Amino acid sequence: MTESAELSTWHRVRRYAVPGRMTAEAAARREAGDWQGACAAARVDTDVDLAAVRLRYGSETADRIADELAGFAPDLLRWHLPRALGGRTSLATGLTFTLAPRVERVAPDTVALQVELPKTVDGSQRLRLTIAPLRDTPATELPGYLWHADEAAGLRRAYGGSTSRLPFLTADGTPVPVDAYAAAVGDEPPARAERAAARQAAGDLAGAWREAGMDLDETLPNARYSYYEVTRELVLAKRLHLIALAPAARELARRHGVESVLLSADWRLGFLLTPDGDTVRVRMTGEDHRRADARSLAEPVHRVPPDLELLRAGLITPAELHPLVRAALFPEAAPEPAAPRRPAFGPVKVRCRGDWHRVDNSGGRLVPLDHTAEEVQREQTLRALGGKVAGCFAAEQGWHDGKTRLPRELQAQRRELMQTILHGDTDTLLELLDAGLDPFVRDGRGSTLLHLLRCLDHERLLPRLLAAGLPVDARDHRQRTPLHVAVGWVGTPSLVRALLEAGADPAAEDDNGTSVAELIEYKAMDYYEGSEDDEPNPDLALIKKYVDERIEA
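The numbering of the sequence shown is the UniProt record's numbering, which starts it at 1 and goes up by one.
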């Protein structure tokens, strides 16, 4: 993925992944002392029982966890979490992070909060908050400035900011010209970050790391196979926020009482960072660098901050940042209400019968403007009889079947709608339906809004969509029903039950001849918690129970 393509994806992440309404509601709940309400607002499921924590781990631990939860900003955490990228705005999948305990030093028996990211890239973007001793949690932890409201101001320092400005930006937020990086003056972190970036771009690997306070051994790691080979060009291409690494490595090593910490750049390249007096010694490691016992810098700590890149590129303004991020990076900026972020529906031009015609899509419902009522009726009849339609009417068909090619502008408008849905903005979708959005719209896979309920609040939407006439067993391009998708993409038991109660057929087969009941068995590993006795997740047990009951009824 090119740098510009990745930045474009991050731009869409910032537009849709953490809706302003989510941020405002989560903040209000948090400030009212309702951490569970804040989690609910930010679409975080919680498996934390403070009474049980007190019984199992003692009052001191329970009080600390309660304090951490009181300041927990789940919307801020969601803002900073890594993304799948590659054109996708979804959260990275299959990861679990430890939320750094707010203690001076940690030990294997220190109990910590942890967050589990989704299992599927196209599934629900809900997170899960759990708790366990560090010996049972992954090595990668997220510092407090990424998830705790009281520590969010530390983001400026973590990004390499000084009291006067941020790296790559002037004091007023104007981007520093790239050709001025090499001439940055002074020993403040922003100037050093810019000189490091200039050296990296010029191919001076060791010099770039030296500007950031580290001594890099440029010896490349050995590779067992040619496809594991690490080249100098590969190392130079890694987008690391060098100025942040030395302080982060020192702090992580100090807190955990270890000599070195690991930075995993990708599956074949790692960096071992060892604090040593005034510097940090760094050596590169190969494909065997990942060790279960190694303390690692998390991706949000070592990557070039997307927000700095977006600001530098002029793609966002400080007003579009998360409020806690804006307060940390631009403390003088006046708070601004989040602007509504919804699909930019509007009229488009469509090539039709050798001419350009207008199609109104201002509300998400296509209306041909340059055809008479008789022409519209004739084309609808032709389509009902299996005839081929074209131009304006083909666009309308594509909006409904997800298969017929849409004009580029309509593709973009549909894509924005699907981003709103993917990131769980149920309120906005309901408002769009109230304003006239066509409930029969489908995405490019042929998914109806019922198929997409896994991402949304089905309790509010399912009755609305059924009343609008959507068939509960509608098929997508792979002949999957909404029930297939709810099971196959790790939906919730309550959604599965609601679909079954609405009449969904558990015996329906997809294009592979797989029924929902069979899909449960095939997808069971997605629900396992990884226990030694392979006990299934309770969600799986409930889903299987509901499906079996409907089959036997």
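Every residue, glycine too, gets a C-beta built ideally from N, C-alpha and C.
These numbers were taken from a predicted model, which means no experiment stands behind them.
Under 7 Å Cβ to Cβ from residue i, same chain only, skipping five residues before and after it: list those, please.
i: VAL176; result: PHE168, LEU169, THR170, GLU194
i: PRO190; result: GLY160, GLY161, SER162, ARG165, LEU166, PRO167
i: TYR16; result: THR89, ARG341, GLN419, THR420, HIS423
i: GLY346; result: ASN361, SER362
i: ARG365; result: GLY436, LEU437, ASP438
i: GLN442; result: As written in the sequence, residue 442 is Arg, which differs from the Gln given in the question. Cβ within range, chain order: HIS400, ASP401, GLY402, THR448.
i: ARG464; result: LEU433
CB-CB under 6 Å to residue i, same chain, minus the five flanking residues each way: which ones, in chain order?
i: GLU287; result: TYR228, ARG268
i: SER485; result: The amino acid at residue 485 is misidentified as Ser; the sequence shows Val. So the qualifying residues of the chain are HIS451.
i: PHE393; result: GLU379
i: VAL301; result: ALA248
i: PRO82; result: ALA92, GLU299
i: PHE440; result: HIS400
i: ARG283; result: ASP217, LEU272
Would you mind giving the Cβ-Cβ distance between residue i and residue j, rounded to the nearest angstrom? I have them listed as a contact below 8 Å.
i: PRO323; j: THR23; result: 6 Å
i: GLU25; j: ALA51; result: Between ALA51 and GLU25 the Cβ distance is about 26 Å, and since that is not below 8 Å, they are no contact.
i: ALA152; j: ALA27; result: So it is not a contact: roughly 11 Å between Cβ atoms.
i: GLY363; j: ALA435; result: 5 Å
i: VAL490; j: PRO506; result: Wrong, their Cβ atoms sit about 17 Å apart, outside the cutoff.
i: ASP539; j: THR492; result: 7 Å
i: residue 554; j: LEU142; result: Residue 554 lies beyond the residue range present for the chain, which begins at 1 and ends at 553; the question has no answer from this structure.
i: GLU251; j: THR274; result: With 8 Å as the limit, GLU251 and THR274 do not qualify as a contact, their Cβ atoms being about 14 Å apart.
i: ALA182; j: ALA206; result: The Cβ separation is near 16 Å, so there is no contact.
i: LEU430; j: ARG460; result: 7 Å
i: GLY257; j: ARG105; result: 6 Å
i: VAL487; j: LEU519; result: 5 Å
i: residue 576; j: VAL48; result: There is simply no residue 576 to check, as the chain begins at 1 and stops at 553 in what is shown.
i: ALA202; j: LYS238; result: ALA202 to LYS238, Cβ: 16 Å. No contact.
Here's a check: name, in chain order, each residue in its chain whose Cβ is nearer than 8 Å to the Cβ of residue i, leaving out the five neighbours to either side.
i: ALA502; result: LEU462, LEU466, VAL472
i: ASP109; result: PRO133, LEU134, ARG135
i: LEU7; result: PRO306, GLU309, LEU310, ALA313, LEU315
i: THR120; result: THR93, TRP489, VAL490, ASP526
Kindly indicate if chain E contains any beta-carbon less than 7 Å away from that of residue i.
i: GLU299; result: No chain E appears in this structure, which consists of one protein chain only.
Would you tell me roughly how many angstroms separate the C-alpha atoms of residue i and residue j, rounded to the nearest one?
i: ALA524; j: LEU483; result: 15 Å
i: ALA32; j: TYR145; result: 21 Å
i: ARG383; j: ASP360; result: 20 Å
i: GLY530; j: ASN537; result: Because the pLDDT at GLY530 is just 48, under 50, the model does not fix this residue reliably, and the point stays unresolved.
i: GLU532; j: ILE131; result: Note that GLU532 has pLDDT 46, beneath the 50 cutoff, so the model's placement of it is unreliable and no number is given.
i: ARG295; j: THR404; result: 50 Å
i: ALA468; j: THR428; result: 18 Å
i: LEU242; j: ARG303; result: 9 Å
i: SER124; j: ASP45; result: 12 Å
i: VAL280; j: HIS148; result: 28 Å
i: ILE65; j: ALA112; result: 8 Å
i: GLU3; j: HIS371; result: 44 Å
i: PHE330; j: GLY154; result: 12 Å
i: ALA70; j: VAL103; result: 16 Å
i: LEU433; j: ASP425; result: 13 Å
i: THR317; j: GLU416; result: 20 Å
i: LEU321; j: GLY37; result: 23 Å
i: ARG550; j: TRP79; result: 40 Å
i: ARG43; j: LEU499; result: 21 Å
i: ARG351; j: GLY391; result: 6 Å
i: LEU410; j: ALA158; result: 41 Å
i: ARG156; j: ARG326; result: 10 Å
i: GLN413; j: THR231; result: 42 Å
i: GLU68; j: ARG29; result: 15 Å
i: ALA196; j: LEU240; result: 11 Å
i: GLY386; j: TYR546; result: 38 Å
i: ALA212; j: LEU245; result: 8 Å
i: LEU262; j: VAL367; result: 57 Å
i: PRO343; j: GLU233; result: 40 Å
i: LEU297; j: ALA139; result: 9 Å
Looking at the ligand ATP, does it come within less than 6 Å of residue i, judged from the CB to the closest heavy atom?
i: THR481; result: As presented, the structure is devoid of all ligands, the ligand ATP included, so that no description of it is given.
The stretch 471-478 / the stretch 449-456 touching (three or more Cβ pairs under 8 Å): yes
Suppose only complete runs of 3+ residues qualify. What are the beta strand (DSSP E) ranges in the stretch 212-255, listed by chain order? 214-217
For the stretch 395-403 against the stretch 311-318, do three or more pairs of beta-carbon atoms, one drawn from each stretch, fall closer than 8 Å, so that the two count as touching? no
Decide yes or no for the touch test of the stretch 5-16 against the stretch 50-69: beta carbon pairs closer than 8 Å, at least 3 of them. no
Using 8 Å as the threshold, is the stretch 173-188 in touch with the stretch 208-221, meaning 3 or more CB pairs across them? no
The stretch 110-117 / the stretch 90-98 touching (three or more Cβ pairs under 8 Å): yes
In chain order, what are the residue ranges of uninterrupted beta strand (DSSP E) at least 3 long that sit wholly in the stretch 147-226? 214-217
If we require 4 or more residues per run, which alpha helix (DSSP H) segments fall completely within the stretch 389-415? 392-401
Mind listing, in chain order, the continuous alpha helix (DSSP H) runs of no fewer than 4 residues lying wholly within the stretch 58-146? 59-70, 74-80
Of all the alpha helix (DSSP H) runs that stay within the bounds of the stretch 335-392, which reach a length of 4 or more residues? 373-384
For a minimum of 3 consecutive residues, which ranges assigned as the beta strand (DSSP E) are wholly contained in the stretch 268-313? 269-276, 279-285
Segments assigned beta strand (DSSP E), at least 3 residues, entirely inside the stretch 444-478: none
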